[in-house]
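J.: Before anything else, here's the structure in question.
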């Protein structure tokens, strides 16, 4: 049983397209994180959300606590956005930190 | 500020050996968390240290241990290595305890067990 589900697993887009990655979770959470991992392994924390919406440049993250769902949007996608995007949640009970399996995004010029 | 640093970046060991990985957090950060990433299991939480105390622990066997020093630097040790321990080990630091803070990840140590 996966506490965090992401979709799609793989995504290929043309440069300039609007991209959406979805994350659903089954536990009560205190925060949800979107992470970006480039080839070679380095991980960057993009957003930490507990409610509403956050925007940073071309990236927008939203969360609906009632529906236990979050989306990561990339506007005007660019080849440098090609990476694996990982959703992770901090549950509000227990000590675990649950990760989705990631969405591998490739943006073609 | 310098980012999170991990040493070594790459390591090859054989089954049965032990390994120690090191993580230096961002200056001023007191929380250090360790994660294992494998192609089959994805990212998994190992443990978190705050002020030299292990505060949270994931579901890993006792062969995986860690510690944190007074300067917040942390080490992770894996004893009696198994082939399945081959993975990318990531360390992340944050200012406050727990997962409520934005975590800053290091580049990782890629461990290969032969």
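Residue numbers (our numbering), protein chains in the order written: chain X, 179 to 287; chain V, 20 to 133.
The C-beta atom is built at its ideal place from N, Cα and C for all residues, glycine as well.
For a contact meaning CB atoms closer than 7 Å, what does residue 279/X contact in chain V?
T.: Within 7 Å Cβ-Cβ: 61.
J.: In whole angstroms, what separates the C-alpha of residue 53/V from that of residue 92/V?
T.: Distance between the alpha carbons of residue 53/V and residue 92/V is about 12 Å.
J.: Tell me which residues share the same chain as residue 256/X and place their Cβ nearer than 7 Å to its Cβ, disregarding the 5 neighbours each side in the sequence.
T.: If we look at residue 256/X and ignore the five residues flanking it on each side, its Cβ neighbours are 193 and 285.
J.: Please state if the CB of residue 66/V and the CB of residue 85/V are separated by a distance shorter than 7 Å.
T.: Cβ atoms of residue 85/V and residue 66/V: closer than 7 Å.
J.: Look at the alpha carbon of residue 75/V and the alpha carbon of residue 68/V, and state the distance between them as a whole number of angstroms.
T.: Their backbone Cα atoms lie some 7 Å apart in a straight line.
J.: Going along chain X, which residues have a C-beta under 8 Å from residue 122/V?
T.: Near residue 122/V (Cβ distances below 8 Å), the residues of chain X are 211 and 223.
J.: At the level of alpha carbons, what is the spacing between residue 214/X and residue 114/V?
T.: If you take the alpha carbons of residue 214/X and residue 114/V, they lie about 20 Å apart.
J.: Helix, strand or coil: which one does DSSP assign to residue 27/V?
T.: In this structure, residue 27/V counts as coil in the three-state DSSP scheme.
J.: Which residues bound the beta strand (DSSP E) around residue 66/V?
T.: 61-69 is the span of the beta strand (DSSP E), which, as asked, contains residue 66/V.
J.: Within the 7 Å Cβ cut-off, does residue 69/V reach chain X?
T.: False, the Cβ-Cβ gap to chain X never drops below 7 Å.
J.: Buried or exposed for residue 44/V, going by 16 or more other Cβ atoms inside 10 Å?
T.: Per the 10 Å Cβ criterion, buried.
J.: Ignoring anything shorter than 3 residues, give me the beta strand (DSSP E) runs that lie fully in the stretch 244-270 of chain X, in order along the chain.
T.: Listed in chain order, they are 247-252 and 261-269.
J.: Restricting to runs no shorter than 3 residues, where is the beta strand (DSSP E) found entirely within the stretch 79-128 of chain V?
T.: Qualifying beta strand (DSSP E) stretches, in chain order: 83-87, 93-97 and 106-113.
J.: Below 8 Å on the Cβ atoms is my contact criterion, and I expect residue 107/V with residue 127/V to pass it. Report the Cβ-Cβ distance as a whole number of Å.
T.: That belief holds up - the Cβ atoms of residue 107/V and residue 127/V are roughly 5 Å apart, short of 8 Å.
J.: Using only alpha-carbon positions, find the residue among 27/V, 89/V and 133/V that is nearest to residue 96/V.
T.: Measuring from the Cα of residue 96/V, the nearest candidate turns out to be 27/V.
J.: The stretch 242-267 of chain X: which residues have C-beta closer than 8 Å to a C-beta of chain V, in chain order?
T.: Cβ contacts with chain V: 264 and 266.
J.: Going by other Cβ atoms of all chains shown within 10 Å of its Cβ, with 16 needed for buried, is residue 29/V buried or exposed?
T.: Exposed, because fewer than 16 other Cβ atoms sit within 10 Å of the Cβ of residue 29/V.
J.: In angstroms with no decimal places, state the Cα-to-Cα distance between residue 60/V and residue 279/X.
T.: Going by the C-alpha atoms only, they are around 8 Å apart.
J.: Quick one: list the residues of chain X neighbouring residue 88/V, beta-carbon separation under 7 Å, in chain order.
T.: Those within 7 Å of residue 88/V in chain X number zero; the least Cβ separation is about 22 Å.
J.: Looking at the unbroken beta strand (DSSP E) that takes in residue 194/X, where does it start and where does it end?
T.: Residue 194/X -> no beta strand (DSSP E), and no H or E assigned at all.
J.: For residue 189/X, which option in 198/X, 182/X, 241/X and 181/X has the closest C-alpha, if you only look at C-alpha atoms?
T.: Selected option, being the one with the closest Cα: 198/X.
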